[in-house]
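Following the UniProt record's numbering, the numbering of the sequence shown begins with 1 at its first residue and continues without gaps.
Just so you know, even glycine gets a beta-carbon here, dropped at the ideal spot from N, CA and C.
First comes the structure, then the notes that go with it.
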Amino acid sequence: MTVPPARARAGTAARWGGLVLVTAVLLAAWQLVPSGVQGDGSSVPRLDATLKALGPSGEWGEYLKALRVTLGEAFLGLLIGLVAGVVLGVLLGESKILRQGVYPYAVALQALPPIALAPIFVIWFGFGMASKIGLVGAATLFPILVSTMAGVAETDRNRIEMATAFGASRAQIRMKVVFPGLVAPIFSGLEISVVLSFLAAIAGELISANAGVGVILQVYQRDFRLAEEFAVLLILVAVGLALASLVRLARHLVMERMPDE
């Protein structure tokens, strides 16, 4: 049933109005509540102090330097997780034996938080970027694997049987039938994994690193510079939203260019 334009506009206005109202209340509470809290540095910094740390006088040189390191680790690890997740997802989707043998271990890996795995990856790969990249790869693999595996399972069996009847090889069936249907599922998994990649990289840096967002968070916390710490947390929220939006945009552009069946 088609929604009348007037009702659709009213619904959109209500959603945005509710978002603006809740945001205004939260920001007001952030400004007013910490004002009455006295402490030894363990209280929440006021909104104006956090915004000052985000302003021109903020330590943007340190923020951006740390972000470059963390984003580099996240990107390389995500690339590993993407390739491994797609390959394993296709193999597990096509083979019941492999699915029953490998999938439980993938679930077990996903159940472990990155902060718990970080010391193990440091032992395996050392204190440099390699341990953070490996940790990101492990953290981002599961959503992509599951999405890819589901996409393979949902492939139209009639099309596969028809291609087989016409003499198509297994590789040709994958390229012409299976892979085109995996674009949307892979992007769905990637949208989750791109945020996980950033969180896993920071988790690794909190355990062992010389640079990155995790390092400056520890420095600010140690020195009770909570305004700067909260400023970095807000930057992380913005970066996470931006990364997820970029994946959605890429998905839209790719799906627009996919040939119609």
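Item to check | CB of F142 within 7 Å of CB of Q100, strictly | outcome: Here the question's residue 142 lines up with position 142 in the sequence shown. Here the question's residue 100 lines up with position 100 in the sequence shown. Not a contact, by the Cβ cut-off of 7 Å.
Next on the checklist: So, for E191: in the same chain, excluding its five sequence neighbours on each side, which residues have a beta-carbon less than 7 Å away from its beta-carbon?
Outcome noted: The residue you call residue 191 lines up with position 191 of the sequence shown. Excluding residues within five positions, the ones whose Cβ falls inside 7 Å are A244, V247 and R248.
Checklist entry - In chain order, what residues of the same chain lie with their CB nearer than 7 Å to the CB of D223, ignoring the 5 residues before and after it? => result The residue labelled residue 223 in the question sits at position 223 within the sequence shown. Same-chain partners within the cutoff: there are none.
Checklist entry - Which stretch, first to last residue, makes up the alpha helix (DSSP H) that contains E62? => result Sequence index remark: in the sequence shown, residue 62 carries index 62 (1-based). Its alpha helix (DSSP H) spans residues W60 to E94.
Next on the checklist: Can you look up A130 in the DSSP assignment and give me helix, strand or coil?
Outcome noted: Numbered from 1 along the sequence shown, position 130 holds the residue referred to as residue 130. Three-state result, A130: helix.
Checklist entry - Got a sec? Which residues, its chain only, sit under 7 Å from Q221 by beta carbon, not counting five neighbours each side? => result Working through the sequence shown from its first residue, we reach residue 221 at position 221. Once the five neighbours on either side are set aside, the close Cβ partners of Q221 are E229.
Next on the checklist: As a quick exercise: from R251, A203, I216 and T140, pick the residue whose alpha carbon is nearest that of K65.
Outcome noted: Position 65 of the sequence shown holds residue 65. It is I216 whose Cα lies nearest to the Cα of K65.
Checklist entry - Out of curiosity, what's the CA-to-CA distance linking A24 and P114? => result Counting from 1 along the sequence shown, the entry for residue 24 is found at position 24. Counting from 1 along the sequence shown, the entry for residue 114 is found at position 114. For A24 and P114, the distance between alpha carbons rounds to 34 Å.
Next on the checklist: Determine whether the beta carbon atoms of F198 and G134 lie at a separation below 7 Å.
Outcome noted: Here residue 198 corresponds to residue number 198 of the sequence shown, with the count starting at 1. Here residue 134 corresponds to residue number 134 of the sequence shown, with the count starting at 1. Going by C-beta atoms, F198 is not nearer than 7 Å to G134.
Checklist entry - Under the rule that 16 or more other beta-carbon atoms within 10 Å means buried, what is L182, buried or exposed? => result Here residue 182 refers to the residue found at position 182 when the sequence shown is read from its first residue. Per the 10 Å Cβ criterion, buried.
Checklist entry - Do you know whose CA, among V44, L51, V122 and V87, lies nearest residue 263's CA? => result Look at the range of the chain in this structure, 1 to 261, and you will see that residue 263 is not part of it.
Item to check | Simplified DSSP assignment, three categories, for L54 | outcome: Locating residue 54 in the sequence shown gives position 54, counting from the first residue. Residue state, collapsed to three classes: helix.
Next on the checklist: Here's a check: name, in chain order, each residue in its chain whose Cβ is nearer than 8 Å to the Cβ of S131, leaving out the five neighbours to either side.
Outcome noted: The count along the sequence shown starts at 1 and reaches residue 131 at position 131. Contacts found: A118, F121, V122, W124, F125, G204 and S208.
Item to check | Buried/exposed call for V22, threshold 16 Cβ in 10 Å | outcome: Indexing the sequence shown from 1 puts residue 22 at position 22. V22 comes out exposed.
Next on the checklist: Quick check: the Cα distance between D48 and A29, rounded to an integer number of angstroms?
Outcome noted: Mapped onto the sequence shown, residue 48 falls at position 48. Mapped onto the sequence shown, residue 29 falls at position 29. Rounded to whole angstroms, D48 to A29 spans 12 Å at the Cα level.
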